[in-house]
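Trainee: Let me begin by handing over the structure; questions about it come next.
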Amino acid sequence: AFSTSMFVTWLRRSSMPQRYSMIVNSIEMPLLRRGLKKRQLFSSRSVHSVPRKSLQTFEGNHNHESSGHENSSNSNRNILFAGMACLAPLAVVAVRCLDSQSIANMEGKARSPIQLSDASLAPNEINTIKLFRENIPSVVFISTYVTAQDFFSMNAEEMPQGSGSGFVWDSAGHIVTNFHVIRSANSAQVELTDANGKTTTYQAELTGVDPDKDIAVLKIDAPASELRPVSLGRSADLQVGQTALAIGNPFGLDHTLTVGVISGLGRETRSPTGRIIRNVVQTDAAINPGNSGGVLLDSRGDVVGMNTAIYSQTGTFAGIGFAIPADTVARVVDKIIRSGRVIRPVLGVTFFDSFQGRRFGLPPGVLVLDVQPGSPASRAGLQGTKRTQGGIRLGDIIVAVDDHQVRDENDLFDVLEERRPGDSVALSVLRNPRPGR
């Protein structure tokens, strides 16, 4: 009796389909007619799984049986109960033999999860899935921390500051991300994910940054076998309309894939220092906070940009995202890895903001405010702005470098970006300019 009751309890507590109810009821009925105290053998959940009306009917019939036939009835019921107890193992075998396929045939629909095969996917979907899975180990999750003083204990503690994305640059452990992701942070951790979904976290060290290009390079001490460097492409070969895939960790959701197209080329965006970053790639692949530092891939899986910013009035994606071109990233990262910093040629001058200069009626160009002693500009004879007894004498305005016209400081930066320290350039300047001329 106990083994039979336990079998019924097991059926009741499992996710029992309706088709098993006949088996359970056929075993429970002899138990109830036997007059056993069912609540001592089953939990209340098992009792309530039987319709309450049926339970009362069975018990009522037993209570109103005549005493004259009690012995005969008990004998018959003993035989019936013993027979059902013997059949219980057979019922268990029958239930266990009902596999998922037979259940599907009985109910007319499959209960097991639908498994999509390659035959059910379009070729472009197969390619997208393949590229995503291949790049999961290459895209990392970056967490940044700041040191804060506890109000009560006055102890210095590390507090989470934010998170972002990055990608593995080489087998030496260099990780590339945006400068604004790690700006103001005291420490950072990098989380790697292998092809099987296993994650490993490493403490990161700062190799170098280029705030003017919004690029930073970290380094982790991870085995080369756990590092999967990205495949770097050429952003100069991009065409508007190409497929673009963005992978990152928006809002802390790791390894999120969005798909779009290359929407525009040659765009401009500002770096954290206010400098203009030119030749930026525009895409409509969704980019949100946390995507910064993630990769922008082409249909071959090559990195053609590093996601960095969006154009939005609400702070969330509005269909316009920007990525620093891969050619710029490669040039800057190589310099940082070699020397720990980016060395750019300079003239040795400070200048007046061109936007403000136009408000004062100055002609197009870069107004020199000061010339550093011993600098290339000083040796070339450039003059800065000075205060005299008669007022302010404006300095030289640079209007061209070699054959390149200079309308503002961004034009000047672009020309110098293509030069190396020690190169010679020819400057065209306006001397003693006057506002309004």
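Just so you know, the sequence shown maps onto residues 103 to 539 in the working numbering. Note that CB positions come from ideal geometry on N, CA and C, so glycine has one too. Fair warning: this is a prediction, and the values are worked out from it, not measured in the lab.
On the premise that aspartate 316 lies in contact with proline 374, defined as a C-beta separation below 8 Å, what is that separation, rounded to the nearest angstrom?
Mentor: Yes, they are in contact, since the Cβ atoms of proline 374 and aspartate 316 sit about 6 Å apart, within 8 Å.
Trainee: Can you give, in chain order, each stretch of the beta strand (DSSP E) that sits fully within the region 302–379 and has at least 3 residues?
Mentor: Counting only runs of 3 or more, we get 317–322, 345–350, 358–372.
Trainee: Mind checking which residues open and close the beta strand (DSSP E) that includes leucine 399?
Mentor: Note, leucine 399: beta strand (DSSP E), 397–399.
Trainee: Between threonine 94 and the rest of its own chain, which residues show a CB-CB distance below 6 Å, the 5 nearest in sequence each way excluded?
Mentor: Residue 94 falls outside the range modelled here, since the chain spans only 103 to 539, and no answer is possible.
Trainee: By Cβ distance, which residues of its chain are closer than 7 Å to proline 191, with the 5 residues on each side in sequence left out?
Mentor: At proline 191 the pLDDT is 46, less than 50, meaning the model places this residue with poor confidence; the figure from the coordinates comes in the next sentence. Closer than 7 Å at Cβ, skipping near neighbours: no residue.
Trainee: Could you give the uninterrupted runs of the alpha helix (DSSP H) lying entirely in the region 408–493, keeping only those of 4 residues or more?
Mentor: For the region 408–493, whole alpha helix (DSSP H) runs of length 4 or above, ordered along the chain, are 428–441, 456–461, 478–482.
Trainee: Whole beta strand (DSSP E) runs in the region 215–272 with 3 or more residues, listed along the chain?
Mentor: Runs of the beta strand (DSSP E) inside the region 215–272: 241–251, 258–270.
Trainee: Taking DSSP as the reference, what is the three-state secondary structure of leucine 514?
Mentor: Leucine 514 falls in the helix class under three-state DSSP.
Trainee: Compare the C-alpha of valine 468 against each of Ser441, Lys437, Glu511 and name the closest.
Mentor: The option with the nearest alpha carbon to valine 468 is Glu511.
Trainee: So, are the CB atoms of valine 332 and serine 477 less than 7 Å apart?
Mentor: It is not a contact, given that the beta carbons lie outside the stated cut-off.
Trainee: By Cβ distance below 8 Å, which residues in the same chain neighbour leucine 471 in space, the five residues on each side in sequence not counted?
Mentor: Once the five neighbours on either side are set aside, the close Cβ partners of leucine 471 are Val451, Thr452, Phe453, Phe454, Gly486, Thr487, Gly497.
Trainee: I'd like the list of long-range same chain contacts for alanine 428, defined as Cβ closer than 7 Å, with 5 residues on each side in sequence excluded.
Mentor: Taken in chain order, the residues that qualify are Leu334, Gly335, Arg336, Ser337, Val405, Val406, Gly407.
Trainee: So valine 278 is in the beta strand (DSSP E); what residue range does that whole segment cover?
Mentor: Run containing valine 278: 276–279, per the beta strand (DSSP E) assignment.
Trainee: In the DSSP assignment, find the unbroken beta strand (DSSP E) run with alanine 290 in it and report its ends.
Mentor: Element bounds for alanine 290: 289–295.
Trainee: Measuring alpha carbon to alpha carbon, tell me which of Ala411, Ala388, Ala346 ends up nearest arginine 402.
Mentor: Considering only alpha carbons, the answer is Ala346.
Trainee: Ends of the beta strand (DSSP E) at valine 503?
Mentor: Taken as a continuous stretch (DSSP letters only), the beta strand (DSSP E) holding valine 503 covers 499–503.
Trainee: Helix, strand or coil, according to DSSP, for histidine 166 in the structure here?
Mentor: Residue placement at histidine 166 is poorly supported in this model, since its pLDDT is 38, which falls under 50; the coordinates are not used for a value here.
Trainee: Inspect the beta-carbon positions of alanine 479 and leucine 449 and report whether they are closer than 7 Å.
Mentor: Yes.
Trainee: Please confirm whether glycine 266 and isoleucine 231 have their CB atoms less than 7 Å apart.
Mentor: Not closer than 7 Å, so no.
Trainee: Do you know offhand how far isoleucine 494's Cα is from arginine 533's?
Mentor: Answer to the nearest angstrom: the Cα atoms are 14 Å apart.
Trainee: By the three-class DSSP mapping on this structure, what secondary structure does valine 283 have?
Mentor: Reduced to three states, the DSSP call for valine 283 is helix.
Trainee: I think proline 537 touches leucine 464, with their Cβ atoms under 8 Å apart; what is that distance to the nearest whole Å?
Mentor: Proline 537 to leucine 464, Cβ: 6 Å. Contact.
Trainee: So, for isoleucine 378: in the same chain, excluding its five sequence neighbours on each side, which residues have a beta-carbon less than 7 Å away from its beta-carbon?
Mentor: Here the set comprises Glu370, Arg372, Asn512.
Trainee: Quick one: Cα of glycine 343 to Cα of alanine 482, how far?
Mentor: C-alpha separation (whole angstroms): 48 Å.
Trainee: Buried or exposed for phenylalanine 353, going by 16 or more other Cβ atoms inside 10 Å?
Mentor: Phenylalanine 353 should be labelled exposed.
Trainee: Taking all protein chains shown into account, do 16 or more other C-beta atoms lie within 10 angstroms of the C-beta of lysine 300, making it buried, or fewer, making it exposed?
Mentor: Exposed, by the Cβ-count rule.
Trainee: On a CA-only basis, which of Pro225, Arg460, Ile349, Ile322 is nearest threonine 410? Give me that one, please.
Mentor: Comparing Cα positions, the closest option is Ile349.
Trainee: Please report how far the alpha carbon of alanine 387 lies from the alpha carbon of glycine 268, in whole angstroms.
Mentor: Distance between the alpha carbons of alanine 387 and glycine 268: 17 Å.
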